[in-house]
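Engineer:
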Amino acid sequence: MAAILRGKLRSFPANGHAAFLPQIRKLVFECCDRWASSQNARTFLFTRLVSLARDNPHVEIVIRQRIHREPIVRGFYVNNRDKVIPLNGLSLAEINQKVHLLLDSSGAQIKPLKRRTVESTTQSTRGIWSGLHADRPVL
Numbered sequence: 000m001a002a003i004l005r006g007k008l009r010s011f012p013a014n015g016h017a018a019f020l021p022q023i024r025k026l027v028f029e030c031c032d033r034w035a036s037s038q039n040a041r042t043f044l045f046t047r048l049v050s051l052a053r054d055n056p057h058v059e060i061v062i063r064q065r066i067h068r069e070p071i072v073r074g075f076y077v078n079n080r081d082k083v084i085p086l087n088g089l090s091l092a093e094i095n096q097k098v099h100l101l102l103d104s105s106g107a108q109i110k111p112l113k114r115r116t117v118e119s120t121t122q123s124t125r126g127i128w129s130g131l132h133a134d135r136p137v138l
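And the structure:
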């Protein structure tokens, strides 16, 4: 019987190969049958919905009638959050971009990258510098 070498007992890490879980679970398209602002959303649903569903079998896709209101797409995520994007005034390419934004999003709340500035409670020992009060440099 052949000896088992220790090097063969290792597992090789794979980046999300077998344990990838998409964060989005449901897409809901809501648009009106009559309003002109829903025309591009209706065209997107008639032309590109089948390929979108075929490319994303893990996502439940629902179409809901929204009478006399602007069209929206709503994404529901695994962490029980949802994101809503209005589709009025968007072209077909822009609607496709917004749908893929929802598909690629994690559903987490957007955190601002810019933090509040630090404000001191005491005055500076040298005072506040201003370029208007400084002497002109001599060349």
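For the sequence shown, numbering that gives the first Met the number 0 assigns the number 0 to the initial residue and increments by one for each residue that follows. Each residue gets a CB set at the ideal place from its N, CA and C atoms; glycine is no exception.
1) Return the first residue and the last residue of the beta strand (DSSP E) that Lys25 is part of.
2) Assign Ile71 to one of three DSSP states: helix, strand, or coil.
3) With distances taken Cα to Cα, identify the nearest neighbour of Gln64 among Ser37, Cys30, Pro21 and Arg73.
4) Below 8 angstroms on the Cβ atoms is my contact criterion, and I expect Lys82 with Gly74 to pass it. Report the Cβ-Cβ distance as a whole number of Å.
5) Would you kindly check if the distance between the Cβ of Asn55 and the Cβ of Ile94 is under 8 angstroms?
6) What span of residues does the alpha helix (DSSP H) with Val49 cover, start to end?
7) Does Phe19 pass the burial test, meaning 16 or more other C-beta atoms within 10 Å, or should it be called exposed?
8) Is the beta carbon of Lys25 closer than 8 angstroms to that of Val77?
9) Tell me which residue opens and which closes the alpha helix (DSSP H) that Lys113 is part of.
Structural biologist: The relevant details are as follows:
1) It spans Ile23 to Cys30 - the beta strand (DSSP E) in which Lys25 sits, taken as one unbroken run.
2) strand
3) Cys30
4) 5 angstroms
5) no
6) Note, Val49: alpha helix (DSSP H), Gln38 to Asp54.
7) exposed
8) no
9) Careful: Lys113 lies outside any alpha helix (DSSP H) and carries neither H nor E.
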